[in-house]
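Protein sequence lines, in the order shown, are assigned to chains L and U. Here the first sequence is numbered in numbering that gives the first Met the number 0, starting from 0 and rising by one per residue. Here the second sequence is numbered in numbering that gives the first Met the number 0, starting from 0 and rising by one per residue. Below is one structure, written out as structure tokens; comments come after it.
2 protein chains.
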Amino acid sequence: MDNKQERTLAKDAPSLTNKEILLKGWVKTRRDHGKLIFLDLWDRSGLIQMVVNAKVSLEAYETARQLRPEFVIEVLGKVNKRPENAVNKNLPTGEVEVEVLKINVLAKAQTLPFDMGQETLDLELPTLLDYRSLTLRHPKIKEIFRVQEVIIDAFRDALREKDFTEFQAPVIIPQTAEGGAEIFAVNYFGQKAYLAQSPQFYKQIMVGVYERVFTVNKTLRAEPSVTTRHLTEVTTLDAEMGFIDSWEEIMDMVEYTIQYVFERVRKDAWQSLESHEASLPKISKRIPRVKLRDAQEIIFKRTGVDHRKEPDLMPEDEREITRWAKDEHDSELVFVTHYPVSKRPFYTYEDPKDPGYTLSFDLIGRGTEWLTGGQRINDFETLIEKAKERGVDLKKSELYLQAFRFGLPPEGGFSFGSERITMHILGLSNVREASLFPRDMERIDTRFSFLDEEKKPENKK
Amino acid sequence: MDNKQERTLAKDAPSLTNKEILLKGWVKTRRDHGKLIFLDLWDRSGLIQMVVNAKVSLEAYETARQLRPEFVIEVLGKVNKRPENAVNKNLPTGEVEVEVLKINVLAKAQTLPFDMGQETLDLELPTLLDYRSLTLRHPKIKEIFRVQEVIIDAFRDALREKDFTEFQAPVIIPQTAEGGAEIFAVNYFGQKAYLAQSPQFYKQIMVGVYERVFTVNKTLRAEPSVTTRHLTEVTTLDAEMGFIDSWEEIMDMVEYTIQYVFERVRKDAWQSLESHEASLPKISKRIPRVKLRDAQEIIFKRTGVDHRKEPDLMPEDEREITRWAKDEHDSELVFVTHYPVSKRPFYTYEDPKDPGYTLSFDLIGRGTEWLTGGQRINDFETLIEKAKERGVDLKKSELYLQAFRFGLPPEGGFSFGSERITMHILGLSNVREASLFPRDMERIDTRFSFLDEEKKPENKK
Chain L
0 MDNKQERTLA KDAPSLTNKE ILLKGWVKTR RDHGKLIFLD LWDRSGLIQM
50 VVNAKVSLEA YETARQLRPE FVIEVLGKVN KRPENAVNKN LPTGEVEVEV
100 LKINVLAKAQ TLPFDMGQET LDLELPTLLD YRSLTLRHPK IKEIFRVQEV
150 IIDAFRDALR EKDFTEFQAP VIIPQTAEGG AEIFAVNYFG QKAYLAQSPQ
200 FYKQIMVGVY ERVFTVNKTL RAEPSVTTRH LTEVTTLDAE MGFIDSWEEI
250 MDMVEYTIQY VFERVRKDAW QSLESHEASL PKISKRIPRV KLRDAQEIIF
300 KRTGVDHRKE PDLMPEDERE ITRWAKDEHD SELVFVTHYP VSKRPFYTYE
350 DPKDPGYTLS FDLIGRGTEW LTGGQRINDF ETLIEKAKER GVDLKKSELY
400 LQAFRFGLPP EGGFSFGSER ITMHILGLSN VREASLFPRD MERIDTRFSF
450 LDEEKKPENK K
Chain U
0 MDNKQERTLA KDAPSLTNKE ILLKGWVKTR RDHGKLIFLD LWDRSGLIQM
50 VVNAKVSLEA YETARQLRPE FVIEVLGKVN KRPENAVNKN LPTGEVEVEV
100 LKINVLAKAQ TLPFDMGQET LDLELPTLLD YRSLTLRHPK IKEIFRVQEV
150 IIDAFRDALR EKDFTEFQAP VIIPQTAEGG AEIFAVNYFG QKAYLAQSPQ
200 FYKQIMVGVY ERVFTVNKTL RAEPSVTTRH LTEVTTLDAE MGFIDSWEEI
250 MDMVEYTIQY VFERVRKDAW QSLESHEASL PKISKRIPRV KLRDAQEIIF
300 KRTGVDHRKE PDLMPEDERE ITRWAKDEHD SELVFVTHYP VSKRPFYTYE
350 DPKDPGYTLS FDLIGRGTEW LTGGQRINDF ETLIEKAKER GVDLKKSELY
400 LQAFRFGLPP EGGFSFGSER ITMHILGLSN VREASLFPRD MERIDTRFSF
450 LDEEKKPENK K
């Protein structure tokens, strides 16, 4: 615009009735009614309705006729109170509309490949992701990542209130913490390096520095299967705390953190919960804690299904134990503890009172795993011994060993993926929907199959 | 301890005079004076002095004799006021000492390879890093990462106050944004993938979603040289904003953010500044803004050094232009703007009023670059054209192109490394000192040469 008027955000328009304002944003919908064109404009503060009247400005009207969804425009207009019967109570700006005086197109948009105006985008997942930069603009999808932002931020605030220090863990590591094939390798100046599957070793090291630490990191895992719950790249929330008297303190901290996160989501993202028809899990007072073997016994008694010799919960067991927690403890979350030594990493603390079983836990909710944690071995000699027993080569993990060589207190911690918790809270059916740019075996932004097809003509030459 | 007494943090001891308390922490120093042993204990709240008197508890005395630095202990003791002449005013807990009644060793520590009690660790950088898990426990080093935590957190808060949304950018990408050899490749299930050198493309995409965004990310760059300013892995702070009227708004936002960060460091990390004898850069009112060519002209006039035909500032120019900013504008920071098109990425906006030069800037402070930013091309056709002109292949960057295909407003942003700004603020001589676990050509935690030597005996077989 020629005039140097300051921009007004959509949300502020209702307080400026009868004033001329400058709005900037994206056209979301256009409805033509003869010489009137209605436009919904979106900016970061929300939506507002504008009306273009050929009788008010023919020039604006002619421009408006060219507009399509996702055009970026700036608009000079007058804020009018809507008549009582035209007020839209579902819209925060619904008591006004803006009479357009002038429109300036800042950026054009090509015709959209599908209707972005639907309340829920009715697209197959591959299409949703093939057009990610566009589909992320859909209000309901946008809200998924608002919730995720709140979750991550609340995690940080919860722990800072408990004297935890935030630190930055590395992505490139010299060796995998726990071995296994599910690790990405990097050619590092001719040396072999790997991408961190978890900041586990580093957060333990940092206990020696600040006692209580947390970190938000990308973790990479070469998941060789395509499921609705796995991503190769995850934003992981990790905490670790020293000087525990009992491993139960770790679960106490999880309980506190999770409740803190829920409270914040309830407070700051209730609209997103509403639009997804989602609700936060109920916890009445405390989250019940039950040993794996006891859980299997309970399931056997309730259903007759006998998994009492399994070293882990089966998916159907996870569902049943959450039902039990709801029935008996009025809680949608439950801690399952004491997984067998063989099912947990070598550094997991064995329960001295229950040999063969570890002081470890999973937090199960709504039928599936939310979070995992436990106490770790902090004694140097024991750690070396356990690593050897399990065939773990710690040769390249000298810094990790140093932490124990030079004194580390009894400690433990927990870890969870921001995408999974977002998915669980919002009731999404696929974890990919809770990742802005999901990576899996078949896709990095674009589908590999799509690229292969693209390549074909070149290969023919 | 047998007793179930709750732990007291060191900092709370002075308010508990004459009470029995339970402390937990690391032994930092031990001084023997006959039948008296003085111990400095550190926990996350700070240091406290303890005295072990053989006459009070022979058992505690015998244990204390075995203690060395970094032993982890819990101590039952009585808080005594120190006599006036024994008060240590440099220590927050310096008006009391704890008379030890009982000591329990939670974890032993091997003999340290060097004295951790020095005020400044007098070690060569390789040794400092070879023993990173230990050296990070040194008070002065610990403080470096407190400052870094404050910087990163203040960055987030500053931008959130301006309506920016935090998002998570991916580490694994299909293609490098700007080409070049300095990129790490990953074998991704048989496909070729890369590690992100910057979240540039993604933050631009996200402008289309939330208008104003920021992100804190690990960025990876295969720097083929070992300098005091380069790391292969950096924690990068990135921001991007849409609907700018003028590119100067981006510099305004940088100025606001930097000042916000400084204020927070001043408030929350002044002790760390003091112990490093560091001071925050002075900015009087505003940070001066000068075109590259004008800067070169100024330098020529001031020093006779003629770099007026160079496309960039030389290191000595960066030093001279900061001297000029201090002399003429009483500012330790200065924006240098309008770098030539050829020296900036293809998506940088060319100044329509100054063809051949871009609407880009570097923030220079204390003789070196702190931060970089600029306006980007937001028009789809122009972007494609510029990419082609520069030989940039956008074939695999379909999601990036989508953002423009479907309407992106005029926008720009900025980016800086958390390690460099930490280094600059604290006056460290090497950026590795400002990275918890620095990665470079020669090291991932351990030195590659060290590993090679280790391998040698095996190779002989």
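Quick reminder that beta carbons are idealized off the backbone N, C-alpha and C, glycines included. All of these numbers come straight from a predicted model, not from anything done at the bench.
- Secondary structure of F345(L) (DSSP, three-state): coil.
- Ranked by how close their Cα comes to the Cα of P173(U), the residues I182(U), K191(U), L122(U) have K191(U) in first place.
- 8 Å or more divides the Cβ of L400(L) from the Cβ of G207(L).
- Interface annotation, Q401(L): in contact with chain U, CB-CB separation under 8 Å.
- Neighbours of N17(U) across chain L, judged by C-beta separation under 7 Å, do not exist; the nearest C-beta is about 25 Å away.
- By the neighbour-count criterion, in which 16 or more other beta carbons inside 10 Å mark a residue as buried, N216(U) falls on the buried side.
- With respect to the 8 Å criterion, T445(L) and K395(U) are classified as neighbours on the basis of their beta carbons.
- Fully enclosed alpha helix (DSSP H) runs of no fewer than 4 residues occupy 379 to 388, 397 to 404 of the region 367 to 416 of chain L, in order along the chain.
- In this structure, Y209(U) is the residue among D162(U), Y209(U), V253(U) with its C-alpha nearest to the C-alpha of I140(L).
- In this structure, I282(L) is the residue among L362(L), I282(L), L15(L), R318(L) with its C-alpha nearest to the C-alpha of D329(L).
- With its beta carbon at least 8 Å from every one in chain L, M49(U) lies outside the interface.
- Counting along the chain, V430(U) sits inside no alpha helix (DSSP H), nor does DSSP assign it H or E at all.
- One Cα belongs to L120(U), the other to D392(U), and the distance between them is close to 49 Å.
- Below the 9 Å Cβ cutoff, chain U contributes no neighbours of T62(L), its closest Cβ being approximately 15 Å away.
- Going by DSSP, T218(U) is part of the beta strand (DSSP E) stretching over 211 to 219.
- A direct Cα-Cα distance of roughly 35 Å separates L358(L) from F166(U).
- Annotation for K191(L): the continuous beta strand (DSSP E) segment containing it runs 190 to 194.
- Distances from the CA of A157(U) to each of P68(U), D251(U), V55(U), E123(U) were compared; the closest alpha carbon is that of D251(U).
- Those residues of the region 91 to 111 of chain U placed with their C-beta closer than 9 Å to a C-beta in chain L are L105, A106, K107, A108, Q109, L111, ordered along the chain.
- Look at the beta carbons and you see the region 84 to 92 of chain L not touching the region 104 to 123 of chain L: under three pairs across the two are nearer than 8 Å.
- The alpha carbon of S434(U) has as its nearest neighbour, out of Q4(U), Q196(U), T234(U), R136(U), the alpha carbon of T234(U).
- Between N429(U) and chain L, the shortest Cβ-Cβ separation is not below 8 Å.
- Among the residues of chain U, none has a CB under 9 Å from the CB of V260(L); the nearest is roughly 15 Å distant.
- One Cα belongs to V264(U), the other to H423(U), and the distance between them is close to 13 Å.
- Secondary-structure assignment with DSSP links V333(U) through a beta bridge to I363(U).
- Contact residues of the region 292 to 311 of chain U toward chain L are absent (C-beta to C-beta distance below 8 Å).
- The beta carbon of F261(L) is closer than 6 Å to those of L279 in its chain, skipping five residues each way along the sequence.
- DSSP places Q65(L) inside the alpha helix (DSSP H), whose first and last residues are 57 to 65.
- Approximately 15 Å separates the beta-carbon atoms of V99(U) and R81(U); this is outside 8 Å, ruling out the contact.
- At a cut-off of 8 Å between beta-carbon atoms, I443(L) makes contact with chain U.
- Between D378(U) and chain L, the shortest Cβ-Cβ separation is below 8 Å.
- Restricting attention to L46(U), F37(U), F299(U), P68(U), the CA atom closest to the CA of A53(U) is found in F37(U).
- Chain U has a Cβ within less than 8 Å of the Cβ of L135(L).
- Not a single CB atom of chain L sits nearer than 8 Å to the CB of L35(U).
- Out of G426(L), S448(L), P437(L), E418(L), the CA that lies nearest to the CA of Q147(L) is found in E418(L).
- With contacts defined by Cβ atoms closer than 8 Å, R431(L) and L124(L) form a contacting pair.
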